[in-house]
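Numbering (this note's numbering), first residue to last: 1 to 1089.
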């Protein structure tokens, strides 16, 4: 029957120029052809053969992307087997590697830090580094190598749902019949597009990969974050790529919701031919009917199997007569090729009718569990209780550990779900039992939520259940939720559902108690200290970030959308906040719509998505991430802070490379976006021995040529309290430069730039988080304060020459209009101000009828406009002379970032995770999702004189730094392992800076650009950054780490750690970086090569 790789290699020549794999996570979009797939796999096979790894098990720890199938094929061609694992569950992985005798692992370099504890317990030795794939092959000397006589394909662990997780070794002859039968059953051809829904730690992924590639079809891969965000998954599968064959768990697909499914994946004109549910009980036909649009022609299959008999054992094709009947359940169906199923009772007798335990297996499809050498027989007890009827149809009941009795009577929870699903307002439901209590979780449709409240819905459900079912079936607790949590494998996350039940019981507390608990938890107030209803959030030590945390806690506990109360939390006393929460709760409207969660110009067709609460979606994301070992986005770019693992590896391994026989063919897979390239020297290692000639496919277009940067402290100055404000530079009449910065100590400090020596210090009435600006004449410093005032100080002495009062705190950093010399700033009182500090008068005060203003205004000269963003999520363009609103763009989510000018318009980052480019007329040019809230103001680097293009750099709370072109194409992204709040800065070429360091200082205007070079390669439709650029991006993450990143490729060329958190944006003076830190100090760091 052959092997998995034989199935694919057999069709390579026929489809060599066709696309084999597509990877798209909305940030990176890449493809690889069958020809490239073949060449990549041969090269990885040759590399591994060189170390004599045939008939062994090779561990793999990598991100799933377009090259993953090629690497799996390469391992299989050695021939060897693979065991895929991800960071986390260290004890289990350690035990698994030892029990499998997996003495060699292939690791994604960006995962090294995450698994270093495992590696060092197993005495690692570097065999070879493959920089173009960002992979490193490591020998584990602490594991005994073993050759397997059985021809294994892969090893996989069970989920542990029926006990302790087990390791299953799967031979080719066990899995190949599944692939052959299913591709025939689904009639898969080269015209099909399949979606890889399961991770590689879940065996249905093997079916997806090899059924697709063995037929010349295309395989679509995306990140975990896309999979678990319903509207994104629906858009990708149904609207963007038009997937034709989908194998998926019911919970993952149903998380999208009936409304959105009917208008995307399962609409009337859907391209989806086959929808095969597996991994969980098939959903009720009542639910499927709600999810299908009238006229939808998709064919549904029920797949059943266990990992111990990898992968599927039975199938059933749902017929039109099934949908037309009154039945709700679907049978398990027929046995797949070379598979046997039978029902056996507790006495060991085979049943033709009745209730018993399902056994499945085959004498040929034998898998080996844990230390098994030879299985006793071909049948395995699935641990699933089933019933078989007179016609021989087998129906799933429940797992072995889910036998339910209540009041001495057996309980079938599916009967509860069947009754509830009949109600029009129920989109999905799940019944569980917990401590003898029956809990019913249900999702209500958005339309019905508007028509009746929760108590009315609960009463309707109770009435229906009492009418249809006996008393011992009646639920004790009803939980109305917006979505069901799912695990990493796409299954319903039962433990999290129980957590939701406990959260629901908390909702029964008085709203006053919940608000009080959230208030005290956020502000770290002892629970026994009473709250004064006149106290204010900021006065109790809060700030904007803590205010967002407070609101998020309220949203999760009350299941309400409350982002609109942010200005109230920052401005008003506790009693006002409590009143608005009471009012919102009484209305009981889950009002987050697509128009509210996205900019007003973007539309989605599903009413279901309009009702989805963003906070619940975020909690759902956290739940999924917490149930997988270490689920992160499919990272393509290397985090160089993880380099610390390499010097610790065996010094004996740091020799010269060995000879590897690699194909002479050099290939360049077609890619739409670029990945980062890394040289061996970045990690201070070389592969193991002499004479290697590694010719790898150039998956990455750019290899950073810069040397590593060294960072040292030049001086520090202690301000007395934490420094969140960003430093600015001013120049005295004697040409000496000074650094100006405010702090929580209520002081504005001026220190000499060259030495850090204090020049003057001025005490204000409250803390200072506003960054100062220098007047156009250079003689004054202007800074905002928490006491609601703007202070104008003498640059040379720090003396206060004028104070202007607003009605609330001033965190907005003032900026000077170079045309009029007026100073513009915003206040939490929702006004934008323009001051003539020479005449000491307020020129303009404009109430924008929007939220408070914390970011700095931005002034454009052509056209001459003032751009202002607010906490209510509005971006305004104002006439600089009369303050008239020229246009307004609404995001409906808070804006903390300062608008950034480009040649085409304005960049703005939002807490809804997206970066927006808006033109000077107020229309959206493009939007890019970063996977995390954006508090870091983006910067735009203009083109150099060498035919370059503008590029954009932006930090995100997703832990990534992103580099985009002016057209929104992703150049690179780099993981810095922590959230980013500070704005990026640009460090020029060190050689140029050193030679020009004595030039007089030119004070920057707010729109301060540095140069970089971009180029476009004509033979590919993909952007590449020119490697000759000599600029570097300076990024501070909130954990206090400095990252020096090459603008060309995203490589981290240097790093340094400060002893406190950093929210201050760095100031660059030649080779010096000046930044404030929450350890109370200002730091001047010097960079050298």
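Backbone N, C-alpha and C define an ideal beta-carbon position, used for all residues, glycine too. Quick caveat, the model's predicted, so the values are computed rather than measured.
Considering only residues of the same chain and omitting the five flanking positions on each side of residue i, which have a CB-CB separation below 7 Å?
i, result
"residue 715", "755, 756 and 1084"
"residue 1176", "As shown, the chain starts at 1 and ends at 1089. That puts residue 1176 outside it, with no answer to give."
"residue 753", "729, 737, 738, 739 and 1069"
"residue 255", "230, 483, 484 and 486"
"residue 1066", "982, 985, 1034, 1036, 1073, 1074 and 1075"
"residue 817", "824, 859 and 880"
"residue 821", "776"
"residue 901", "858, 860, 940 and 1007"
With distances taken between CB atoms, is the gap from residue i to residue j smaller than 8 Å?
i, j, result
"residue 118", "residue 94", "yes"
"residue 388", "residue 354", "yes"
"residue 929", "residue 913", "yes"
"residue 983", "residue 1037", "no"
"residue 1176", "residue 311", "Residue 1176 lies beyond the stretch modelled for the chain, which goes from 1 to 1089, so this question has no answer here."
"residue 498", "residue 199", "no"
"residue 115", "residue 83", "no"
"residue 439", "residue 480", "no"
"residue 773", "residue 823", "yes"
"residue 746", "residue 724", "no"
"residue 217", "residue 188", "yes"
"residue 743", "residue 708", "no"
"residue 566", "residue 580", "no"
"residue 932", "residue 957", "yes"
"residue 1098", "residue 1086", "The chain is shown only over 1 to 1089; residue 1098 falls outside these bounds and no answer can be derived."
"residue 384", "residue 351", "no"
"residue 906", "residue 974", "no"
"residue 710", "residue 1054", "yes"
In the DSSP assignment, what are the bridge partners of residue i?
i, result
"residue 387", "355 and 395"
"residue 43", "The partner list for residue 43 (beta bridge, DSSP) is empty, contrary to what the question assumes."
"residue 573", "536"
"residue 308", "Answer is none; residue 308 lacks a bridge partner."
"residue 846", "832"
"residue 342", "359"
"residue 909", "915"
"residue 1090", "Nothing in the structure corresponds to residue 1090, since the chain is present only between 1 and 1089."
"residue 780", "794"
"residue 887", "877"
"residue 973", "962"
"residue 1076", "1082"
"residue 1055", "1043"
What does a CB cutoff of less than 6 Å around residue i pick up in its chain, not counting 5 residues either side in sequence?
i, result
"residue 56", "80"
"residue 297", "none"
"residue 1118", "Since the first residue shown for the chain is 1 and the last is 1089, residue 1118 is missing from the structure and cannot be characterised."
"residue 840", "802"
"residue 71", "44"
"residue 305", "311, 312 and 313"
According to the neighbour-count rule (16 or more other Cβ atoms, all chains shown, within 10 Å of its Cβ), is residue i buried or exposed?
i, result
"residue 211", "buried"
"residue 232", "buried"
"residue 861", "exposed"
"residue 471", "exposed"
"residue 519", "buried"
"residue 814", "buried"
"residue 391", "exposed"
Suppose the cutoff is 8 Å on Cβ atoms and the five residues either side in sequence are ignored; what does the same chain contact list for residue i look like?
i, result
"residue 420", "426, 429, 431, 440, 442, 461, 464 and 465"
"residue 6", "none"
"residue 280", "249, 250, 251, 491 and 492"
"residue 780", "774, 792, 793, 794, 795, 801 and 837"
- Task: Would you mind listing the beta strand (DSSP E) stretches within the stretch 171-244 that are 3+ residues and don't spill past its ends, in chain order?
- Result: 193-195 and 218-221
- Task: Could you name each continuous alpha helix (DSSP H) segment of 4 residues or more that falls completely within the stretch 261-301, going from the start of the chain to the end?
- Result: 285-291
- List in chain order: all unbroken beta strand (DSSP E) runs of 3+ residues lying wholly within the stretch 118-148. 124-130 and 135-140
- Item | Length-filtered (3 minimum) beta strand (DSSP E) runs lying within the stretch 924-953 | 924-929 and 939-941
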